[in-house]
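Have a look at the structure below before the remarks.
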């Protein structure tokens, strides 16, 4: 399924709800465009909700890392919410599980910023 | 080739759509061969990463170049070959994506994922002079009591090099 992205405000935090696959091509490009767009709007506290993302390939992982770095370089924070098992496993074996701040509860994630 | 062995091959264009096409084709083959859901995911992901590697690094995204995908099913394993028309590379030269200095790299995890998800993995020089990825997954054991289809491994991917 092609990636879809919508975002909403939760106080100072922007929650981005993603659904579908983050893979080479349109999926990775949409994630990049979404994060860069938020940064342009001065939204620098970003929570990516991955509850409905069941597939990420190396290109998608690279885009997550790229977004994380871009937000951090602008003085913001990018955190992850509700990983599916496949995505969690991928981040664990690539050692990125310790790089990202990851939450299972949205309210707790929002409070953490 | 032994009795009952099967061979499929397809020539792919150097374009993003080929990645999905290759993944879908190999997923169907893996399902037909009896692999469970978890192993199908790993095989599909590995094929995906192999073709991405050929598309991006091997063929440098040049549309005049081709990607050659072949799948063999023997009595023991599913074997996948992904050949490009690039200059080839040596596995020893591929940076370790788990090294501290590479953790925040935005690329370079494809080889690692293929190694982690498949039972055997190697890169050789193919007939085109480009890199040929050769990787295999042992067929599930009929009657196995694993939750992973007809007898694969657990659900968590194994740690690879």
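Residue numbers (our numbering), protein chains in the order written: chain S, 4 to 116; chain D, 19 to 179.
A virtual CB, placed ideally from N, CA and C, is assigned to each residue, including glycine.
Using a 10 angstroms sphere on the CB of residue 63/D, the tally of other CB atoms reaches 16 or more, which defines it as buried.
Looking at the DSSP output, residue 99/D shares a beta bridge with 88/D, 152/D. Contact annotation: residue 51/S and residue 82/S have beta-carbon atoms nearer than 9 angstroms. Taking a Cβ-Cβ cut-off of 7 angstroms, the neighbours of residue 62/S in chain D comprise 70, given in sequence order. Secondary structure remark: continuous alpha helix (DSSP H) runs of at least 4 residues inside the region 22-64 of chain D, in chain order: 34-50. Straight across, the Cα-Cα distance linking residue 133/D with residue 20/S is about 31 angstroms. Taking the beta carbon of residue 125/D as reference, the chain S residues within 7 angstroms of it are 65, listed in sequence order.
In the structure shown, the three-state DSSP call for residue 146/D is coil.
Contact of residue 121/D with chain S is assigned, a C-beta pair being separated by under 9 angstroms.
In this structure, DSSP gives residue 52/S an extended state, which the three-state scheme calls strand. Residue 95/S is not bridged by DSSP to any residue. In this structure, residue 128/D lies near residue 61/S, with their beta-carbon atoms less than 9 angstroms apart. Looking at the DSSP output, residue 23/S bridges to 56/S.
Here residue 117/D is exposed, its C-beta having fewer than 16 other C-beta atoms within 10 Å.
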